[in-house]
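Please read the structure below before turning to the comments.
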Amino acid sequence: MRSETLFDEDGHRWLAFGRDPNKRDSVIDTNEYVILSDGKALILDPGGIEVFPEVLSAMTRHFDTHQIEALFASHQDPDIISSLPMWLDLCPGVKAYASWLWRSFLAHFAMGRDADILPVPDEGMTLTIGPKKRRVELIPAHYCHSSGNFSVWDPTAKILFSGDIGAALLPDHEYNFYVEDFAKHVEYMRGFHLRWMPSRPALQSWVKKVRALQPNMICPQHGAIFRGEDVGRFLDWLDTLEVGQIHW
Amino acid sequence: MLDALFDCNRKVNLVFGVCVDVQNVAAPLAGASFNIELLAHNGVVRAAQLDGIAGRPLIALTEFLSTLPKKIGPAVKEIEQLCRRLARVTADSTNRIRVYYLLTRALLRMAESGLPEEARVRLQALANSDFTTDRDLERLVQLLEEHHVRGAAVVGARCQATLREVSQRIDEARQIFADIDERLQELKTIARSSRYLASCLRIEVAHLPKESDGFGSFTAEIGSTLDLLEERLAELQRIETRGEVLVRDLAERIDSHA
Ligand SMILES: [Fe+2]
Ligand SMILES: [Fe+2]
Numbered sequence: 001m002r003s004e005t006l007f008d009e010d011g012h013r014w015l016a017f018g019r020d021p022n023k024r025d026s027v028i029d030t031n032e033y034v035i036l037s038d039g040k041a042l043i044l045d046p047g048g049i050e051v052f053p054e055v056l057s058a059m060t061r062h063f064d065t066h067q068i069e070a071l072f073a074s075h076q077d078p079d080i081i082s083s084l085p086m087w088l089d090l091c092p093g094v095k096a097y098a099s100w101l102w103r104s105f106l107a108h109f110a111m112g113r114d115a116d117i118l119p120v121p122d123e124g125m126t127l128t129i130g131p132k133k134r135r136v137e138l139i140p141a142h143y144c145h146s147s148g149n150f151s152v153w154d155p156t157a158k159i160l161f162s163g164d165i166g167a168a169l170l171p172d173h174e175y176n177f178y179v180e181d182f183a184k185h186v187e188y189m190r191g192f193h194l195r196w197m198p199s200r201p202a203l204q205s206w207v208k209k210v211r212a213l214q215p216n217m218i219c220p221q222h223g224a225i226f227r228g229e230d231v232g233r234f235l236d237w238l239d240t241l242e243v244g245q246i247h248w
Numbered sequence: 249m250l251d252a253l254f255d256c257n258r259k260v261n262l263v264f265g266v267c268v269d270v271q272n273v274a275a276p277l278a279g280a281s282f283n284i285e286l287l288a289h290n291g292v293v294r295a296a297q298l299d300g301i302a303g304r305p306l307i308a309l310t311e312f313l314s315t316l317p318k319k320i321g322p323a324v325k326e327i328e329q330l331c332r333r334l335a336r337v338t339a340d341s342t343n344r345i346r347v348y349y350l351l352t353r354a355l356l357r358m359a360e361s362g363l364p365e366e367a368r369v370r371l372q373a374l375a376n377s378d379f380t381t382d383r384d385l386e387r388l389v390q391l392l393e394e395h396h397v398r399g400a401a402v403v404g405a406r407c408q409a410t411l412r413e414v415s416q417r418i419d420e421a422r423q424i425f426a427d428i429d430e431r432l433q434e435l436k437t438i439a440r441s442s443r444y445l446a447s448c449l450r451i452e453v454a455h456l457p458k459e460s461d462g463f464g465s466f467t468a469e470i471g472s473t474l475d476l477l478e479e480r481l482a483e484l485q486r487i488e489t490r491g492e493v494l495v496r497d498l499a500e501r502i503d504s505h506a
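Read top to bottom, the protein sequences are chains A and B.
Counting with our numbering, you get residues 1 to 248 for the letters of the first sequence.
Counting with our numbering, you get residues 249 to 506 for the letters of the second sequence.
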């Protein structure tokens with residue numbers, strides 16, 4: 001599994017993990033992100049149970065498991081958080097944040113540690129990481145894919161973690177961590193968004209909110225990262241996309 | 249690489265199947281015992297209708313026979329309770345084996361990416377181990393720690409603790425099977441005593457005058473109900489032995505210093 005440092009300033013880092021060459025083809029490729037702030041880690045969408053060994057092994061190259069302070073699940077899907085019982089088992093005291101809507105659903109694979117799943121209210125909330133208590137905002141993204149869905153905004157790094165928004169199904173694991181040719185990349189995103197995004201108004205409201213934040217990067221859970229000009233291109237593309245349609 | 253763990257998990261799942269089979273075969277035993285009780289009560293009434301002292305030994309025997317099935321019900325209930333516990337233990341075991349499998353896979357992945365070239369030969373030899381024992385695991389963790397692979401100690405310790413938990417659950421399953429077997433032997437003793445009483449009854453009935461002929465079919469009915477009971481107990485014993493062999497095999501393979 002490869003990793004990439006997205007941001008590294010003043011003890012505050014963003015790490016991306018993904019593109020596992022050993023992953024079976026039947027398992028959807030995912031990106032896992034870590035915000036490492038003054039030695040404490042927040043894992044964003046820690047991934048499915050199937051990729052847990054690879055994710056854990058890749059992460060321990062950068063930090064120790066006792067540095068993990070919290071986990072965050074953007075929504076309830078298995079590729080997002082079915083590794084939850086493994087992390088809770090391995091890291092005593094770690095808390096997992098997920099929409100209140102999914103808390104009792106996620107309890108089904110918490111193996112008795114459901115008390116450590118903390119509910120995020122619909123309006124979102126602020127999390128702090130590390131001794132300096134750096135703030136990250138959990139921003140509502142309901143019905144942009146899941147009905148209880150959140151993005152993560154880090155004002156220090158000006159990076160937005162978007163979960164399944166901006167997801168792309170890439171052709172192979174050699175693909176760059178960053179989008180290189182936006183026009184071509186759209187082809188890997190379109191199908192995913194048309195089928196997995198149910199609501200255009202919800203997406204448009206999310207786009208408006210995200211534009212106001214002026215992120216330097218948008219990091220999806222599948223596919224490649226948007227940075228620089230591609231951030232605006234992606235938001236424009238999303239704003240006009242007719243999602244939530246299916247022809248039976 | 250970790251095929252042995254898959255095989256162990258498959259065996260735990262088979263134990264779960266045994267648990268279901270035991271419950272399925274044990275449940276109708278209560279019905280069979282009720283039939284014997286009913287027949288015996290019937291026998292007591294009929295024997296009381298016989299004239300003079302001829303009926304006395306029959307009353308005594310049928311009365312005694314009617315008390316035996318009462319002991320079957322509680323033993324069957326206990327077996328059902330033991331099976332429920334066994335189902336929980338096996339479900340828990342598969343969960344723990346899965347956790348152990350994923351942690352071991354993580355350790356191997358850490359070794360593949362974190363060990364220097366010169367440690368590869370040792371890793372190669374280790375990677376072919378079963379990882380069903382503490383020894384395999386300790387060797388891998390030791391190799392990782394020698395080369396200061398980050399996280400190896402923590403993940404290794406959790407892995408060892410999980411293997412210990414698996415091993416404890418298998419021991420618990422073994423004990424449950426021993427308890428089921430004990431109840432089964434009690435049931436067999438009851439069946440044997442009932443069979444003995446039924447044969448005494450048959451002898452007594454043979455000495456009855458011709459006019460009390462109805463007793464012939466009564467003893468035949470008791471005999472066939474007992475046949476059914478013994479058949480079921482034999483089936484139960486076969487299933488229980490199958491489960492015992494499975495957990496014994498698991499206990500031999502999954503070896504931790506617990
Ligand atoms: Fe999803
Ligand atoms: Fe996803």
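We put the CB at the ideal spot given by N, CA and C, even for glycine.
Are residue 488 of chain B and residue 419 of chain B closer than 8 Å when you measure CB to CB? Judged by beta-carbon spacing, residue 419 of chain B lies beyond the 8 Å limit of residue 488 of chain B, meaning their Cβ atoms are not closer than that value.
Could you give the residue range of the beta strand (DSSP E) that holds residue 154 of chain A? 150-154
Supposed contact pair residue 15 of chain A and residue 403 of chain B - C-beta distance, whole angstroms, cut 8 Å: Going by Cβ atoms, the distance from residue 403 of chain B to residue 15 of chain A rounds to 19 Å, so no, they are not a contact pair.
Can you give, in chain order, each stretch of the alpha helix (DSSP H) that sits fully within the stretch 311-365 of chain B and has at least 4 residues? Counting only runs of 4 or more, we get 320-362.
Is there a Cβ of chain B sitting closer than 8 Å to that of residue 30 of chain A, yes or no? no
Residues around ligand 2, please: the ones whose beta-carbon is closer than 5 Å to some heavy atom of it, in chain order. A:79, A:164 and A:221
Are there any heavy atoms of ligand 1 lying less than 7 Å away from the beta-carbon of residue 77 of chain A, as far as the coordinates show? At least one heavy atom of ligand 1 is nearer than 7 Å to the Cβ of residue 77 of chain A, so yes.
Heavy atom of ligand 1 less than 7 Å from the Cβ of residue 146 of chain A, yes or no? yes
Contacts that residue 270 of chain A makes with chain B (C-beta to C-beta distance below 9 Å): Not covered by the structure: residue 270 of chain A. The range shown for chain A is 1 to 248.
Considering just the uninterrupted stretch of the beta strand (DSSP E) at residue 219 of chain A, what are its terminal residues? 217-220
Taking the beta carbon of residue 158 of chain A as the centre, do at least 16 other beta carbons fall within 10 Å, making it buried, or is it exposed? That one is exposed.
Checking the sheet assignment: what are the DSSP bridge partners for residue 444 of chain B? Beta-bridge pairing links residue 444 of chain B to no other residue.
Since residue 262 of chain A and residue 68 of chain A should fall inside the 8 Å C-beta cutoff, what is the C-beta to C-beta distance between them, to a whole number of angstroms? A question about residue 262 of chain A goes unanswered here, because the residues of chain A that appear run from 1 up to 248.
Quick one: is residue 61 of chain A near chain B, going by C-beta distance under 8 Å? yes
Using a beta-carbon distance below 8 Å, is residue 36 of chain A in contact with chain B? With 8 Å as the cut-off, residue 36 of chain A does not count as an interface residue toward chain B.
For the alpha helix (DSSP H) that residue 36 of chain A lies in, which residues bound it at each end? Per DSSP, residue 36 of chain A belongs to no alpha helix (DSSP H); it is in the beta strand (DSSP E), 32-37.
Assigned secondary structure, residue 143 of chain A (DSSP; H/G/I helix, E/B strand, else coil): coil
Are there three or more Cβ pairs, one per stretch, closer than 8 Å when the stretch 121-140 of chain A is compared with the stretch 70-90 of chain A? yes
Looking only at its own chain, which residues have a Cβ that is under 7 Å from the Cβ of residue 309 of chain B, when we skip the five neighbours before and after it? 445, 448, 449 and 452
If we define contact as Cβ-Cβ less than 8 Å, is residue 193 of chain A a contact residue for chain B? no
Between residue 48 of chain A and residue 78 of chain A, how many whole angstroms is the CB-CB distance? I'm expecting something under 8 Å. A Cβ-Cβ distance of about 5 Å is found for the pair residue 48 of chain A and residue 78 of chain A, placing them in contact under the 8 Å criterion.
Do residue 20 of chain A and residue 222 of chain A have their CB atoms nearer than 8 Å? no
Interface flag, residue 361 of chain B vs chain E, CB-CB below 8 Å: Among the protein chains of the structure shown, namely A and B, there is no chain E.
Residue-chain proximity (residue 78 of chain A, chain B), Cβ-Cβ < 8 Å: no
Using a Cβ-Cβ cut-off of 8 Å, state whether residue 343 of chain B counts as contacting chain A. yes
8 Å CB neighbourhood of residue 476 of chain B in its chain, flanking five on each side removed: 280
Among the residues of its own chain, which have a CB less than 7 Å from the CB of residue 367 of chain B, if the five just before and after it don't count? 391 and 395
Using the three-state DSSP reduction, which class does residue 263 of chain B fall into: helix, strand or coil? Three-state DSSP puts residue 263 of chain B in a helix.
Chain A partners of residue 398 of chain B, CB-CB under 7 Å? 60, 61 and 64
Just mark residue 286 of chain B as buried or exposed, buried being the case when its beta carbon has 16 or more other beta carbons within 10 Å. Answer is exposed; the Cβ neighbour count stays below 16.
Out of B:364, B:377, B:482 and B:351, point me to the one whose CA is closest to residue 409 of chain B's CA. Here the closest residue by C-alpha is B:351.
In angstroms, rounded to a whole number, what distance separates the CA positions of residue 214 of chain A and residue 154 of chain A? So the two alpha carbons sit approximately 11 Å from each other.
Please say whether residue 504 of chain B and residue 398 of chain B have beta carbons closer to each other than 8 Å? Not in contact: residue 398 of chain B and residue 504 of chain B (Cβ atoms no closer than 8 Å).
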